[in-house]
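Working notes, structure below.
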Amino acid sequence: MSILGKINQDKKKEVEAHLGWVTEDLLEPRERDLRRPKDFLGAIQRPGLSVIAEVKKASPSKGLIRPDFNPVAIALAYAQNQAACLSVLTERSYFGGRPEDLVAIRKVVGLPILRKDFIIDPRQIRESYEMGADAILLIVASLTDGDLGYFYSLAKAFGLTVLVEVHDEKELERALKLEAELIGVNNRSLVTFETHLENSLRLKPMIPETVTAVSESGIQTKKDAQLLMAHGFAGILVGESLLRQPDPGMALKYLAGGL
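Pasting the structure below:
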């Protein structure tokens, strides 16, 4: 079984254990759901290259990334240093995240926030809305076309932006059939976990100009960012290269400066 398959398998068990409170009548938005999510897509579409700065403690491929992990302090540092949006890992077992991290960050940061997790059940969309997320990630490789379409429309009904993540041409074709507004090209192989920016450069010409494109994973330097901007990407999602620096906020300021 692939690591993605294992993560999704474990996620199903977690959902069953923790999301029993999301009853059928809560799956759809209600009139008393008053929170209006912030415009994550609009923040990415601003002039220049927008940086989605990621709050992440660990990953399956790299292990522990930041031992002195303080999610709120990191988020505040990003917000003060040119982040357009935040991405907050809430997956516990493999990435060291917690839903509580996003809730705490939401209280002190005004930027749009992406909930970065493995969404495999519609109840997680209600959960994302309740915890204060403005956007969710849907990984095409994890979902059937039926679930992808249902989860996408349900998230939009809650006012959430959906970042639809693809790794290759077949997944991109599925995302385009969905008429996704925001597509993320992940440069990390699901098989080898190696990252190659060439994946973004190869797929970008296949993405219509009407669709906003973001490049994810493996972005290490300002030169990488400039290359992706030159190829038409509106945004980049960056985490590890910032979090390995003594001051992630200053690392972001240097990366984003002049883009």
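Plus 17 on top of the position in the sequence shown (first one is 1) and you've got this note's numbering. Every residue, glycine too, gets a C-beta built ideally from N, C-alpha and C. Note that the coordinates shown come from a computational prediction; the quantities given were computed from them, not determined experimentally.
Taking Leu119 as the centre and dropping the five residues before and after it, the same chain places the C-beta of Val105, Thr107, Ile130, Arg132, Met148, Gly149 and Ala150 closer than 7 Å to its C-beta, in chain order. Put simply, of Ser67, Thr40 and Glu45 the residue whose alpha carbon is nearest the alpha carbon of Leu276 is Ser67. Spatial neighbours of Leu155 in its own chain (CB-CB distance under 8 Å, excluding positions within 5 residues in sequence) are listed in chain order as Ile136, Leu165, Phe168, Tyr169, Ala172, Val179, Leu180, Val181 and Glu182. Straight-line measurement puts the Cα of Lys29 at about 28 Å from the Cα of Val89.
According to the DSSP assignment, Ser217 belongs to the alpha helix (DSSP H) that extends over Glu215 to Leu220.
Proximity of the stretch 191–203 to the stretch 224–232 meets the contact definition, three or more beta-carbon pairs being nearer than 8 Å. Taking the Cα of Leu44 as reference, the smallest distance to any Cα among Leu220, Lys74, Pro84 and Arg140 is reached at Arg140. The alpha-carbon separation between Phe112 and Pro77 amounts to approximately 7 Å.
Under the DSSP assignment, Asn203 falls in the beta strand (DSSP E) whose first and last residues are Leu199 to Asn203. Pairing Ser145 with Pro54, the inter-Cα distance amounts to about 11 Å.
In the structure shown, the three-state DSSP call for Ser234 is coil.
Rounded to whole angstroms, Leu21 and Glu226 show a C-alpha spacing of 30 Å. Taking 7 Å as the cut-off, the beta carbon of Gly249 is found no closer than this to the beta carbon of Ile61. Looking at the DSSP output, Leu180 bridges to Leu154. Take the alpha-carbon of Met267 and the one of Gly163: they are about 43 Å apart. Counting only runs of 3 or more residues that sit fully inside the stretch 85–166, the beta strand (DSSP E) segments are 102–106, 130–133 and 152–156, in chain order.
Per DSSP, Ile24 is one residue of the alpha helix (DSSP H) stretching across Ile20 to His35.
Counting along the chain, Ile69 sits inside the beta strand (DSSP E) bounded by residues Ser67 to Val72.
For Ile253, no alpha helix (DSSP H) run applies; the uninterrupted beta strand (DSSP E) run containing it begins and ends at Gly252 to Val255, by DSSP.
In this structure, Asp138 sits near Val32, with a CB-CB distance shorter than 7 Å. Met267: member of the alpha helix (DSSP H) spanning Pro265 to Ala273, first to last residue. A residue is called buried once 16 or more other Cβ atoms fall within 10 Å of its Cβ, and Pro84, having fewer, is exposed. DSSP places Ile61 in the uninterrupted alpha helix (DSSP H) bounded by Phe57 to Ile61.
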